[in-house]
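Number 134 in the UniProt record's numbering belongs to position 134 of the sequence shown; there are no gaps in the numbering.
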Amino acid sequence: MAAVFFTPMAFHGFDGHDSKSGPYQMVPVKEARLVGIRTPHQDCFVRSLHDQIVSVACQERISLWGDEHYQFPLVGHSVGRTQVVVESRRGHALAHLTVSVKERRVRTYSILLLQDRQHSTVRSIPDAQRMMGAVGKLYLQQANVQLAPKFAPRTLTVSDDLGIPLDVTKERRDRILHFLPTDELLLIANNVRVIFSWRLAGRQLGVTNEPTALVFLADGSSVYVLAHEVGHALGLSHNDVPDSLMSAEETENPTSPQLFWHEIDKVNPSGT
Ligand SMILES: [Zn+2]
1 MAAVFFTPMA
11 FHGFDGHDSK
21 SGPYQMVPVK
31 EARLVGIRTP
41 HQDCFVRSLH
51 DQIVSVACQE
61 RISLWGDEHY
71 QFPLVGHSVG
81 RTQVVVESRR
91 GHALAHLTVS
101 VKERRVRTYS
111 ILLLQDRQHS
121 TVRSIPDAQR
131 MMGAVGKLYL
141 QQANVQLAPK
151 FAPRTLTVSD
161 DLGIPLDVTK
171 ERRDRILHFL
181 PTDELLLIAN
191 NVRVIFSWRL
201 AGRQLGVTNE
211 PTALVFLADG
221 SSVYVLAHEV
231 GHALGLSHND
241 VPDSLMSAEE
251 TENPTSPQLF
261 WHEIDKVNPS
271 GT
């Protein structure tokens with residue numbers, strides 16, 4: 001049985017596979033993505049069912065980790081969705097790959113470092129920017145969603161003792177909204193505000209205040225937790241696939257924080 005894999009480029013282990021739709025690959029419009037298939041067949045041919053949406057460039061047989069693969073670039077031409085078929089020399093279909101060609105979608109965000117009378121985050125502004133940069137790469141690579149900074153990062157000082165803003169009820173997190181600078185409040189709905197907060201013993205923790213797209217991230221939490229919370233802020237719900245980005249289960253260090261096809265299509269509906 002042939003299996004499609006996606007050659008890791010900037011993002012190791014990315015594979016849009018989903019049990020409902022089979023393998024899935026996003027390709028940005030006017031760009032190319034390298035895709036590979038592992039197959040025992042010596043001669044394979046790869047073609048797109050809709051050449052005006054995506055075309056397959058020249059194919060190459062390679063050996064990877066002791067396995068034989070075909071590797072081929074998919075070139076996105078126009079927004080849409082198509083199937084790419086891998087066929088044997090006799091014309092039998094060996095594998096299908098769903099390809100969605102997507103326009104770039106821009107979502108803005110801003111970074112706030114929270115401090116109150118008693119507490120402040122240990123994050124520095126460059127540290128927070130680095131983390132958001134890594135999250136931005138993930139969404140750009142997997143969904144062609146660009147996360148663009150709306151304001152320069154700043155410190156948000158609250159003249160109160162907030163205690164533990166991540167653990168308490170939505171009401172207390174909502175109160176923090178009242179302290180946001182007025183230009184922050186002018187941000188339209190669904191753009192993402194990330195608040196780096198303090199914490200707390202042990203656990204990695206992030207919280208999203210829906211539907212305000214307000215993300216709280218505790219000290220000690222990883223880029224993965226931030227990417228998960230940003231996923232909520234972009235409208236994603238939990239799935240039940242362990243180790244995936246939007247898994248409901250707490251995973252400390254997943255090897256491949258991936259989005260699935262329906263999540264990619266939700267954060268970027270072009271090409272669906
Ligand atoms: Zn969650």
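Backbone N, C-alpha and C define an ideal beta-carbon position, used for all residues, glycine too.
Considering only residues of the same chain and omitting the five flanking positions on each side of residue i, which have a CB-CB separation below 8 angstroms?
| i | result |
| --- | --- |
| Val46 | Ile37, Val56, Gln59, Tyr70, Phe72, Val84, Val85, Val86 and Glu87 |
| Glu31 | Val75 and Gly76 |
| Val135 | Leu147, Val223, Leu226, Ala227 and Val230 |
Ordered along the chain, which non-local residues of its own chain (more than five positions away) have a Cβ less than 7 angstroms from that of residue i?
| i | result |
| --- | --- |
| Val106 | Gln146 and Ala148 |
| Ser48 | Val54, Ser55, Val56, Thr82 and Val84 |
| Ala128 | Ile111, Leu113, Pro153 and Phe196 |
| Lys150 | Thr108, Tyr109, Ser110, Leu187 and Asn191 |
| Leu140 | Gln146 |
Indicate whether residue i and residue j have their beta-carbon atoms separated by less than 7 angstroms.
| i | j | result |
| --- | --- | --- |
| Asp219 | Arg199 | yes |
| Val101 | Gly133 | no |
| residue 280 | Thr208 | It is not possible to answer for residue 280, since the shown part of the chain is limited to 1 through 272. |
| Val29 | Glu103 | yes |
| Val215 | Val194 | yes |
| Glu249 | Pro242 | yes |
| Asn144 | Asn268 | yes |
| Leu94 | Arg33 | no |
Who are the Cβ neighbours of residue i in its own chain at under 6 angstroms, not counting the five residues just before and after it?
| i | result |
| --- | --- |
| Arg117 | Asp161 |
Express the C-alpha separation of residue j and residue i in angstroms, rounding to a whole number.
| i | j | result |
| --- | --- | --- |
| Gly76 | Lys137 | 19 angstroms |
| Tyr109 | Leu97 | 33 angstroms |
| Arg172 | Val158 | 12 angstroms |
| Ser270 | Met246 | 21 angstroms |
| residue 298 | Ser244 | Lying outside 1 to 272, the shown extent of the chain, residue 298 is not represented and no answer is given. |
| Phe5 | Phe179 | Unreliable positioning characterises Phe5 in this predicted model, as indicated by a pLDDT of 49, which lies under 50. The coordinate reading is nonetheless provided below. One C-alpha to the other measures close to 47 angstroms. |
| Val122 | Glu210 | 25 angstroms |
| residue 328 | Thr39 | Residue 328 lies beyond the residue range present for the chain, which begins at 1 and ends at 272; the question has no answer from this structure. |
| Val99 | Met131 | 29 angstroms |
| Pro165 | Asp240 | 27 angstroms |
| Thr155 | Ser237 | 29 angstroms |
| Ile176 | Ser124 | 20 angstroms |
| Gln25 | His119 | 44 angstroms |
| Pro23 | Thr272 | 15 angstroms |
| Arg90 | Ala213 | 52 angstroms |
| Trp261 | Glu68 | 26 angstroms |
Counting C-beta neighbours from all protein chains within 10 Å, is the total for residue i 16 or more, i.e. buried, or is it exposed?
| i | result |
| --- | --- |
| Gly235 | exposed |
| Pro126 | exposed |
| Glu229 | buried |
| Gln42 | exposed |
| Glu263 | buried |
| Asp265 | buried |
| Gln142 | buried |
| Ser221 | buried |
| Leu217 | buried |
| Ile62 | exposed |
| Gln52 | exposed |
| Gly231 | buried |
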